[in-house]
Amino acid sequence: MAGHRFSGSLSESSIWHQILDRSTAVVDMFGEFVPIADRISISTPRQFRRFRLVSDTMIQMDLPAERPGEANRVMSKPDSLPSVAAFGIGVSDLAASAAFYENTLGMKRVLDLSLGHMDEVILLFPDGGSAIALMHWTDGSARNYADNPVKIVLRVADPKLLAERIRAAGLPVIRDPEPAAEVGGAVVGFAKDPDGYLIELLESV
């Protein structure tokens with residue numbers, strides 16, 4: 616499912632009272648300027664969402680539980696602070712990378728951002744954890760997106776199955792998952808995403 620589009624500059628201090636059209640994922644925005652640390656309140660037909668500006672390029676969104684006792688958040692609320700809420704990687708083709716992380720790795724596309732100088736797609740696994748922000752610059756600045764020294768570690772129940780899904784998507788698996796003494800005998804493998812970022816597939820034990 617496509618994420619909700621949030622258009623506008625987050626570098627400006629703003630608060631928005633927004634109505635989300637869930638069928639088109641378009642945001643209608645109205646509001647007035649307030650300090651950047653304040654929250655953005657969003658009303659939807661089904662639920663109330665809370666946003667907080669973390670930086671000029673990042674939003675934290677807390678979602679209420681769809682069922683009592685169930686956490687359902689764009690960026691999971693940590694039990695202790697500080698913690699890593701999200702991390703971002705530059706991508707050469709935003710649509711292709713979003714499709715890989717969503718359709719192949721099984722993440723959920725929860726938010727689309729247009730920031731003027733870049734577009735972002737925010738993704739999160741259904742059970743929470745740190746979010747990934749896919750970033751593509753649109754201001755014409757020179758960016759190196761290929762084969763950067765970045766590793767993304769995924770804890771998964773079945774690394775071999777995920778490796779086969781990555782291979783079926785036409786992307787390289789550079790080490791098939793197998794038990795590794797370095798991680799206590801857990802199954803671990805390595806693959807690459809569309810821009811050559813290293814994806815470590817670590818068995819959840």
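Residue numbering for the sequence shown follows the numbering used here, starting at 616 and increasing by one per position. Even glycine gets a Cβ: it sits at the ideal position worked out from N, Cα and C. Since the model is a prediction, treat every value here as computed from it, not as a measurement.
Cβ pair leucine 769, aspartate 734 closer than 9 Å: no
Neighbourhood of valine 798 by C-beta distance below 8 Å, restricted to the same chain and skipping five residues each side: Leu817
Proximal residues to serine 819 (C-beta, below 7 Å), its chain only, five neighbours per side dropped: Arg770, Val771 and Ala772
Inter-residue CB distance, alanine 711 and arginine 724 (contact presumed, cutoff 8 Å): Going by Cβ atoms, the distance from alanine 711 to arginine 724 rounds to 13 Å, so no, they are not a contact pair.
DSSP three-state assignment for valine 771, whether helix, strand or coil: strand
Own chain partners of proline 787 with C-beta closer than 6 Å, once the 5 adjacent residues on each side are dropped: Lys807
Which listed residue (Phe702, Asn718 and Glu815) has its alpha carbon closest to that of proline 774: Glu815
Terminal residues of the beta strand (DSSP E) in which serine 707 lies: Neither: serine 707 is in no beta strand (DSSP E) and is coded neither H nor E.
Within 9 Å, strictly: CB atoms of leucine 749 and leucine 739: no
Which of helix, strand or coil DSSP assigns to valine 798: helix
Cβ-heavy atom distance, aspartate 808 to the ligand HEM, below 8 Å: Among the ligands in the structure shown, none appear at all, so the ligand HEM cannot be discussed.
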